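**Q** Okay, here's the structure, questions in a sec.
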Amino acid sequence: MNINIQPLTESDDINLYREMTFLRFQGYLDALQTNNNPVIAFKASGSNNEPIGLGLAYSADDEALILSVFVDDNHHNRGIGTLLFQKLEQTLFDRNHSKIFVQYQSNNPGIGAFEKILKKQGWTIPVVDKIIFEGDRNIMKAPWIHYPLSPDLSAFPWSDLTDTERSMILYKQRKEQWYPEVLSPFQDEEIIEPLNSIGLRYKGEVAGWCINHRVAPDTIRYSFMFVRKDLQPLGWGILLLAESMRRHIKASMTDKNLIDCRSIWMVEKTNEPMIKFAEKYMRQWVSKVNEFMYSEKKI
Ligand SMILES: CC(C)(COP(=O)(O)OP(=O)(O)OC[C@H]1O[C@@H](n2cnc3c(N)ncnc32)[C@H](O)[C@@H]1OP(=O)(O)O)[C@@H](O)C(=O)NCCC(=O)NCCS
Numbered sequence: 115m116n117i118n119i120q121p122l123t124e125s126d127d128i129n130l131y132r133e134m135t136f137l138r139f140q141g142y143l144d145a146l147q148t149n150n151n152p153v154i155a156f157k158a159s160g161s162n163n164e165p166i167g168l169g170l171a172y173s174a175d176d177e178a179l180i181l182s183v184f185v186d187d188n189h190h191n192r193g194i195g196t197l198l199f200q201k202l203e204q205t206l207f208d209r210n211h212s213k214i215f216v217q218y219q220s221n222n223p224g225i226g227a228f229e230k231i232l233k234k235q236g237w238t239i240p241v242v243d244k245i246i247f248e249g250d251r252n253i254m255k256a257p258w259i260h261y262p263l264s265p266d267l268s269a270f271p272w273s274d275l276t277d278t279e280r281s282m283i284l285y286k287q288r289k290e291q292w293y294p295e296v297l298s299p300f301q302d303e304e305i306i307e308p309l310n311s312i313g314l315r316y317k318g319e320v321a322g323w324c325i326n327h328r329v330a331p332d333t334i335r336y337s338f339m340f341v342r343k344d345l346q347p348l349g350w351g352i353l354l355l356a357e358s359m360r361r362h363i364k365a366s367m368t369d370k371n372l373i374d375c376r377s378i379w380m381v382e383k384t385n386e387p388m389i390k391f392a393e394k395y396m397r398q399w400v401s402k403v404n405e406f407m408y409s410e411k412k413i
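115 is the number of the first residue of the sequence shown in our numbering; add one for each residue after it.
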């Protein structure tokens, strides 16, 4: 059987390929025709142009990553996944990136084959990057959800962040790197969930945030949580998370999509206090725990 690997373009029937990537990336396919599009897509198709596989990557000024590779079940183990992967890798390096990376969940059924491809292509040995907790309404049984914010603090909708506050956050970051860049509140801004993404004000200054994203119509991902270092020992990060989750629960009473309060909490593996908290006070109330792996390749 002849397999063609070609760029996926707006002249293709995008809908035939939509389910060949994760829900959170499906929207990228609609943007293929826009100028300066950071998304790279390759399709694998058969002799009658029938869809067989899809590879997706992302190339922006500051980062380049492979988002997903998928091959239809009936065509596994024929080298198609490897070919798609090689095309994405080559295209990213052709765009002058000196380092490219991939992040993926370790519980996908195809992970054995995917990791084999990484190895064959000379990528680094995958390491655990984040722990992912998934849950629903059951989390309301966790006692800490009901702990109120300390009276010294006020929470505000992130959408109310003023331009001056935004500039201050960025200015302080340039000057003293006061938060780890992976927890920057300014990532994936176009899908920030307004319902329960909140900032924390302490003595009139922004001192933290809990930034969330609607990754599926019924699911909110708690993505980037940070509290200023000198305030961390006070446990305010947990109070901030609890406040954000209470807003989620409240929204579920009016937003039908959110009725089950489906949630994903991402915790950086290097964030030891948060990992400890999540293992001790969260794990028992969630339905699934999974790992996010990371691997990279440098030119
Ligand atoms: C991952 C995926 C794209 C691989 O596609 P594919 O076309 O079957 O891959 P290839 O044929 O190019 O290569 C597969 C390699 O993995 C090996 N392999 C297959 N199943 C494996 C397993 N369970 N464990 C280890 N290796 C395995 C094959 O033997 C082959 O190795 P080889 O080249 O040395 O013979 C495909 O399995 C898939 O679509 N899975 C679902 C989506 C997914 O999980 N994607 C990865 C995260 S984005």
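Glycine included, every Cβ here is placed at the ideal spot set by N, Cα and C.
Here the structure is a predicted model, which is why all the values come from computation and not from measurement.
Suppose the cutoff is 8 angstroms on Cβ atoms and the five residues either side in sequence are ignored; what does the same chain contact list for S401 look like?
**A** Counting only Cβ-Cβ distances below 8 angstroms, and skipping sequence neighbours, we find E248, G249, D250 and N252.
**Q** Any heavy atom of ligand 1 closer than 8 angstroms to the Cβ of S377?
**A** Not under cutoff, so the answer is no.
**Q** Shortest alpha-carbon distance to I259 belongs to which of W399, Q301 and G322?
**A** The option with the nearest alpha carbon to I259 is W399.
**Q** In chain order, what are the residues with a CB under 5 angstroms from some non-hydrogen atom of ligand 1?
**A** Ordered along the chain, the selected set is S182, V183, F184, V185, H190, N191, G193, I194, G195, T196, Y218, N222, G224, G226, A227, F228 and K230.
**Q** Using DSSP bridges, identify the partner residues of L353.
**A** Paired residue(s): none; L353 is not in a bridge.
**Q** Distance, Cα to Cα, L354 vs T278?
**A** Spanning the two alpha carbons is a distance of roughly 22 angstroms.
**Q** In whole angstroms, what is the alpha-carbon distance linking A256 and A392?
**A** When rounded, the distance between both Cα atoms is 11 angstroms.
**Q** Report the residue from A158, Q217 and H189 whose alpha carbon sits nearest the alpha carbon of N404.
**A** Selected option, being the one with the closest Cα: Q217.
**Q** Going by DSSP, which residues form a beta bridge with K157?
**A** BP columns for K157 point to Q120 and L168.
**Q** Looking only at its own chain, which residues have a Cβ that is under 6 angstroms from the Cβ of S409, when we skip the five neighbours before and after it?
**A** So the qualifying residues of the chain are V216, L232, W237, T238 and P240.
**Q** Kindly confirm or deny that the region 259 to 269 and the region 342 to 356 touch, where touching means at least three C-beta pairs closer than 8 angstroms.
**A** The region 259 to 269 vs the region 342 to 356: in contact.
**Q** Let me know the beta strand (DSSP E) ranges lying completely inside the region 296 to 368, each 3 residues or longer, listed in chain order.
**A** As far as the region 296 to 368 is concerned, its whole beta strand (DSSP E) runs of at least 3 residues are 312 to 316, 319 to 330 and 333 to 341.
**Q** Using 8 angstroms for Cβ pairs, my map puts T135 next to S182. What's the rounded Cβ distance?
**A** Yes, T135 and S182 are in contact; Cβ-Cβ is about 5 angstroms, under 8 angstroms.
**Q** Are the CB atoms of G169 and L202 nearer to each other than 9 angstroms?
**A** Going by C-beta atoms, G169 is nearer than 9 angstroms to L202.
**Q** Identify, in the order they occur along the chain, each residue of the same chain with its Cβ nearer than 7 angstroms to the Cβ of P331, setting aside the five sequence neighbours on each side.
**A** Contacts found: N371.
**Q** Would you check if there are 3 or more beta carbon pairs closer than 8 angstroms linking the region 375 to 387 to the region 277 to 291?
**A** Contact fails: fewer than three Cβ-Cβ distances are below 8 angstroms.
**Q** Note down, one range per segment and in chain order, each alpha helix (DSSP H) of at least 4 residues found wholly within the region 161 to 227.
**A** Qualifying alpha helix (DSSP H) stretches, in chain order: 194 to 208.
**Q** What are the partner residues of P294, as DSSP defines its beta bridges?
**A** Beta-bridge pairing links P294 to no other residue.
**Q** If you follow the alpha helix (DSSP H) that R138 is part of, which residue opens it and which one closes it?
**A** Note, R138: alpha helix (DSSP H), L137 to Q140.
**Q** Could you say which of N221, R342 and S212 lies nearest to I413 if we only look at CA atoms?
**A** Looking at the Cα atoms, S212 is the closest of the given residues.
**Q** Note down the Cα distance separating W323 from K289, rounded to an integer number of angstroms.
**A** Those two C-alpha atoms are separated by around 19 angstroms.
**Q** Helix or strand or just coil, what does DSSP make of W379?
**A** The answer is strand: DSSP assigns W379 an E or B state.
**Q** Looking at the unbroken beta strand (DSSP E) that takes in M388, where does it start and where does it end?
**A** Premise fails: M388 lies in the alpha helix (DSSP H), E386 to F391, not in any beta strand (DSSP E).
**Q** First and last residue of the beta strand (DSSP E) that includes E405?
**A** Unbroken beta strand (DSSP E) run through E405: K402 to K412.
**Q** Who are the Cβ neighbours of M121 in its own chain at under 7 angstroms, not counting the five residues just before and after it?
**A** Checking the sequence, you will find Pro at residue 121 rather than Met. Around P121: A155 and F156.
**Q** Does the beta-carbon of E295 have 16 or more other beta-carbons within 10 angstroms, so that it is buried, or is it exposed?
**A** The residue is exposed, with fewer than 16 neighbouring Cβ atoms inside 10 Å.
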